[in-house]
Amino acid sequence: MGIKPIPTKLFKKFLKQVGCVYIRTEGGHEIWDREDGSLLRPITLQTKNKDVPTLHIHTSLENLGISKKEFEDILSKLK
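The number in our numbering is simply the position in the sequence shown, starting from 1, with 10 added.
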């Protein structure tokens, strides 16, 4: 089964769980990165959206080096 959009609040919890921290807000976007700045590209979330779109989840997982299975396992613990 594929990944479906999830609430932005839950995605933020996921980011914290995998070692990311909130960096700043630019316009309507939150910027997240690892504390040591080790991500190739920081993760950007639109603050106005209620849910994080599937495509954004996929690209964020690739950037974080986390598999879909690992993502689902982490989410199941956060809910």
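Note that beta-carbon positions come from the ideal geometry of N, C-alpha and C, so glycine has one too. Keep in mind the model is a prediction, meaning the values are calculated, not measured.
Proximity below 9 Å, CB of D43 to CB of V28: Here residue 43 corresponds to residue number 33 of the sequence shown, with the count starting at 1. Here residue 28 corresponds to residue number 18 of the sequence shown, with the count starting at 1. Their beta carbons are not under 9 Å apart, which means D43 does not touch V28 by this criterion.
Identified DSSP bridge partners for H66: In the sequence shown, the residue the question calls residue 66 occupies position 56. Beta-bridge pairing links H66 to no other residue.
Burial state of I53, where buried means 16 or more other Cβ atoms lie within 10 Å: Mapped onto the sequence shown, residue 53 falls at position 43. Under this definition I53 is a buried residue.
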